[in-house]
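In what follows, a single structure is set out as structure tokens and then discussed.
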Amino acid sequence: MHHTGEYANIVALLVQGWSDDRISRALALSERTVQRRVRMLMEEYGCTSRFALGFALGRRAVPGPQGRGSQATGGTMGGADELRRTA
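So in numbering that gives the first Met the number 0, spot 37 of the sequence shown is number 36, and the numbers just go up one at a time.
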């Protein structure tokens with residue numbers, strides 16, 4: 000499945016353990032839209048829980064946020080990139 004930058008932003012935040020509500024506020028999307036996107040990702044990856052999806056997504060290279068997401072989160076996503084910069 001071809002995903003948009005919106006999906007990349009959702010994935011980046013989901014892997015960090017953000018809730019649907021927090022993701023929706025950060026990306027200026029409705030919570031329902033985020034829930035649908037997460038459900039579609041769960042189906043695509045054959046996962047039955049958000050935890051399993053986050054684990055599956057975290058095991059592959061996840062692009063950083065693009066567009067609105069980087070502004071909404073203050074330009075930094077933390078995580079491995081942040082650790083590399085501070086190490």
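Quick reminder that beta carbons are idealized off the backbone N, C-alpha and C, glycines included.
Predicted, not measured: the structure shown is a model, and the values here were computed from it.
Could you give the DSSP three-state label for residue i: helix, strand or coil?
i: residue 48; result: coil
i: residue 29; result: coil
i: residue 18; result: coil
i: residue 38; result: helix
Buried or exposed: where does residue i fall if 16 or more other Cβ atoms within 10 Å of its Cβ makes it buried?
i: residue 36; result: buried
i: residue 53; result: buried
i: residue 20; result: exposed
Work out the CA separation of residue j and residue i for me, nearest whole Å.
i: residue 4; j: residue 28; result: 13 Å
i: residue 33; j: residue 23; result: 6 Å
i: residue 8; j: residue 51; result: 18 Å
Just to confirm the assignment, what range does the alpha helix (DSSP H) spanning residue i have?
i: residue 4; result: 4 to 14
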